[in-house]
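In the numbering used here, the protein residues as written are 2 to 91. A short worksheet on the structure shown next.
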Ligand SMILES: [Zn+2]
Ligand SMILES: [Zn+2]
């Protein structure tokens, strides 16, 4: 592996660790996060998007819809609205 490849691999590992840290300490100790329903994404007045909400089965922590899936949904919705011209693409 050359140096550049090592840097790329290390950065990928770092990104993965940062993601794990965001969910810590639950993830560190092996808590399981359970899907507990949906919340309104709140991306617009005419928008009915909902995002998944998860809660830790062990300590009751809740992500309130702050997760990767929600970000993807919001991005997709914003893109769709920009396309249909319902919203000014700022
Ligand atoms: Zn937990
Ligand atoms: Zn939406």
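The beta-carbon is built from N, C-alpha and C at its ideal position, and this holds for glycine as well.
Cutoff 7 Å; reference residue i; Cβ partners in own chain excluding five residues on either side
i: residue 57; result: 27, 32 and 34
Buried or exposed by the 16-neighbour rule on C-beta atoms within 10 Å, applied to residue i
i: residue 66; result: buried
i: residue 71; result: buried
Start-to-end residues for the beta strand (DSSP E) that takes in residue i
i: residue 59; result: Taken as a continuous stretch (DSSP letters only), residue 59 belongs to no beta strand (DSSP E), as it is neither H nor E.
i: residue 30; result: Note, residue 30: premise wrong, no beta strand (DSSP E); not H, not E.
Endpoints, alpha helix (DSSP H) assigned at residue i
i: residue 76; result: 69-85
Of the listed residues the options, nearest to residue i (C-alpha basis)
i: residue 49; options: 82, 15 and 8; result: 82
i: residue 96; options: 4, 68 and 3; result: Nothing about residue 96 can be read from this structure; the chain reaches only from 2 to 91.
i: residue 51; options: 37, 16 and 9; result: 37
i: residue 74; options: 86, 8, 39 and 63; result: 39
Neighbourhood of residue i by C-beta distance below 6 Å, restricted to the same chain and skipping five residues each side
i: residue 59; result: 32
Counting Cβ pairs closer than 8 Å, one from the segment 38-49 and one from the segment 76-85, do we hit at least three? Contact holds: three or more Cβ-Cβ distances are below 8 Å.
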